[in-house]
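Take the UniProt record's numbering: the last position of the sequence shown gets the number 41, and nothing is skipped along the way. Accompanying notes for the structure given below.
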Amino acid sequence: MTGLPPDQAKEFHEQFKITYTTFVGIAALAHLLVLAWKPWF
């Protein structure tokens, strides 16, 4: 489907999971810090 062989696709997916989890974690932390600083509700 993507043109990648299965082994390369698995390698890409492993790296993608790490990157995505890090991004979500930083975004959640940023939201919590802003919420603590200046609640919007």
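Each residue gets a CB set at the ideal place from its N, CA and C atoms; glycine is no exception. It should be emphasised that the depicted structure is a prediction, and the values quoted were computed from it without experimental measurement.
I think residue i touches residue j, with their Cβ atoms under 8 Å apart; what is that distance to the nearest whole Å?
i, j, result
"Ala9", "Thr2", "7 Å"
"Leu4", "Phe12", "7 Å"
Pull up the distance between the alpha-carbon of residue i and that of residue j, whole angstroms please.
i, j, result
"Leu33", "Pro6", "40 Å"
"Thr21", "Leu35", "21 Å"
"Lys40", "Gly25", "Before going further, note that residue 40 is Trp rather than Lys in the sequence given. Rounded to whole angstroms, Trp40 to Gly25 spans 20 Å at the Cα level."
"Leu29", "Glu14", "23 Å"
"Lys38", "His31", "10 Å"
For residue i, name the three-state secondary structure that DSSP assigns.
i, result
"Leu33", "helix"
"Pro6", "helix"
"Lys17", "helix"
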